[in-house]
Structure formats: structure tokens, C-alpha cells
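Undergrad: Numbering follows the UniProt record's numbering, with no gaps: position 93 of the sequence shown is 93.
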Amino acid sequence: MIATAADYVWFHEGFPSLWEAYCFTLVEGLRPEDVVARLDARTEEVVTQVGDWMDNVPSRMNFDDLNSAASCGPGPYGTWGDHFFGAVAVEGWCLVVEPNGFMGVTREIIKPLSAGTRLVSHFRNVNAVKRFCCVEDGEIRLTFEPPFASDRYGSDPDGAVDAMRRAGFDLEDNDGPEKLVATDDVAARTGAVFALAENLTGVKLTAQLLVESTYLCAVAPRTG
């Protein structure tokens, strides 16, 4: 079945805080432990910081604890300094969830993370900056800002045009920036991004999956 924006309006409606600032990454064929290893991430830092008051740290944290821990780092205002994330196996892929994160759209990280496999990620921050990436074996095949789908970059910027149309992006020629089809509704705009990720990976995300999964949590070093 082809995913459309309407299939994912639940994210904006059911997870308003996460919707404001998130990054979701799907990596094919890797286990959460593999992702942690590739990122040279540290699970012990999560244990040190939140293990005294959270159960099942760091390997079986629930969704609420993942979100809480994201703002309980050792830095100012609960920041982590490095990239805090949770990872869970989903349908032959690894889903990486970053509340208020951006690791999944950082070129220096996602290129090596995708070595020998595929990666699809999307991101939004509190300033409404957005990014979508599709990477294969270290090569960025497609990247664009969802509000401006006409400005596509990468080695194959038109390779996902059919998937984008099916998700709900309007890619017809026009005088202005290409946009999401016939709507100013923020839930539908976000939904189209999630639908595109599903159309490229075959992985359907649901509210139930997010809430009922348990996550391996770790902290990955920043680049640069």
C-alpha cells in the first residue's frame, strides 16, 4: 500500500512536543547495537546520568523515558552536548529517534553510518528548519528541505520523484517553490514527509509502535 500524508497526521496531533523538534532515521539491515557501534556511541553515559531514577537503562528504555532523558543531560538546561538517541529494530531496519536532535541529517555522520546499506532520515527543529535525506553506501542520493521540494540535491535528486508525488508533494512545474499539495495544514505537511520515508523504506511507523517499543539509548560524539 502506498503511504500518503493523511496516514501520518497522527504524529502532529498525538506528539506535539516531539513534532516541534525531532529527527527520525531508518538504517536498513542494522541492529540497534550495530548502530551504536558504528556511531562510536556511549551507553554508559546514559547509565551515569539517568540510571539512578530510570528503570531498564540503557537497553530497554520506554518511549516516555527516552523523551525525558533527552532533556536530562549533564550540560546547561539538561543538554547532552553530544547526540543523545534511542534505537529500536523495526521490520529489518533500525529506527533511530532523536528528540530535539539532528544527528540523522548530519553529513559527516550519516555517510559512514550508511556504509554498505541504505539510510533515510528527516528532521525538524524549533525554528521550523526541516531536512530530508536519502543516503546509500556513503553517497547522498537525495536531500532537500521539505517546504521547498523543487530544490533537490544529491547524486540522484529526481530518483524519488514518484515516491514524493505519492506521499503528497506537488512537483508540477510552477513559478514558485514546489510545495505540499493543496494544503497549509501543518499536520499534512509533516505527514507527507513521514509518508515519503515509508514509500522509500517500506517501514510503516505508527503511534503504537513508537509508544510500545523499547529503545537502546546512547550518546554519540559530535563531528568537527
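Quick reminder that beta carbons are idealized off the backbone N, C-alpha and C, glycines included.
Just so we're clear, the structure is a prediction, and the values are computed from it rather than from any experiment.
Using the beta-carbon count (16 or more within 10 Å), is T190 buried or exposed?
TA: As a working mapping, residue 190 is identified with position 190 in the sequence shown. The residue is buried, with at least 16 neighbouring Cβ atoms inside 10 Å.
Undergrad: In terms of residue numbering, what span does the beta strand (DSSP E) encompassing G86 cover?
TA: Numbered from its first residue, the sequence shown carries residue 86 at position 86. G86 -> beta strand (DSSP E) spans 83-90.
Undergrad: Have a look at L210 and F63 and give me their C-alpha separation to the nearest angstrom.
TA: Position 210 of the sequence shown, counted from the start, is the residue given in the question as residue 210. Position 63 of the sequence shown, counted from the start, is the residue given in the question as residue 63. Straight-line Cα distance between these residues: approximately 7 Å.
Undergrad: By Cβ distance, which residues of its chain are closer than 6 Å to Y8, with the 5 residues on each side in sequence left out?
TA: In the sequence shown, counting from the first residue as 1, residue 8 sits at position 8. Around Y8: G191, F194, A195.
Undergrad: How big is the Cα-Cα spacing for S213 and D65?
TA: One-based indexing of the sequence shown puts residue 213 at position 213. One-based indexing of the sequence shown puts residue 65 at position 65. Cα to Cα, the separation comes out at about 11 Å.
Undergrad: Once you ignore the five residues that flank V90 on each side, which residues in its own chain have a CB closer than 6 Å to its CB?
TA: In the sequence shown, residue 90 corresponds to position 90, counting from 1. Answer for V90: V203, listed in chain order.
Undergrad: Count the C-beta pairs between the region 35-54 and the region 108-122 that are closer than 8 Å, then say yes if the count reaches three, no if not.
TA: yes
Undergrad: Please say whether G101 and H122 have beta carbons closer to each other than 9 Å?
TA: Reading the sequence shown from its first residue, position 122 is the one you call residue 122. Reading the sequence shown from its first residue, position 101 is the one you call residue 101. Contact flag unset, no.
Undergrad: Return the CA-CA distance between T46 and L18, expressed in angstroms with no decimal places.
TA: Here residue 46 refers to the residue found at position 46 of the sequence shown. Here residue 18 refers to the residue found at position 18 of the sequence shown. Reading off the sequence shown, one finds Val at residue 46, where the question assumed Thr. Here the alpha carbons of L18 and V46 stand approximately 20 Å from one another.
Undergrad: Can you give me the C-alpha to C-alpha distance between A182 and A188, rounded to a whole angstrom?
TA: Walking along the sequence shown from the start, residue 182 turns up at place 182. Walking along the sequence shown from the start, residue 188 turns up at place 188. In this prediction, A182 has a pLDDT of 40, which is less than 50 and means its spatial position is unreliable; nothing more can be read from the coordinates.
Undergrad: How long is the line joining the alpha carbons of G176 and V88, rounded to whole angstroms?
TA: Sequence index remark: in the sequence shown, residue 176 carries index 176 (1-based). Sequence index remark: in the sequence shown, residue 88 carries index 88 (1-based). Only weak support exists for where G176 lies, its pLDDT of 48 falling under 50; the value from the coordinates is given anyway. The alpha-carbon atoms of G176 and V88 are separated by roughly 40 Å.
Undergrad: Would you check if the region 125-137 and the region 145-152 touch, i.e. whether three or more CB-CB distances between them fall below 8 Å?
TA: yes
Undergrad: What are the boundary residues of the beta strand (DSSP E) that V96 is part of?
TA: Indexing the sequence shown from 1 puts residue 96 at position 96. Looking at the DSSP string, the run of the beta strand (DSSP E) that includes V96 is 93-99.
Undergrad: Enumerated in chain order, which unbroken segments of the alpha helix (DSSP H) with a length of 4 residues or greater are wholly contained in the region 26-80?
TA: 32-38, 44-50, 63-69
Undergrad: Measure how close the beta-carbons of L30 and T106 come, nearest whole angstrom, since I'm counting them as under 8 Å.
TA: Looking up residue 30 in the sequence shown gives position 30. Looking up residue 106 in the sequence shown gives position 106. 17 Å between Cβ atoms; not a contact.
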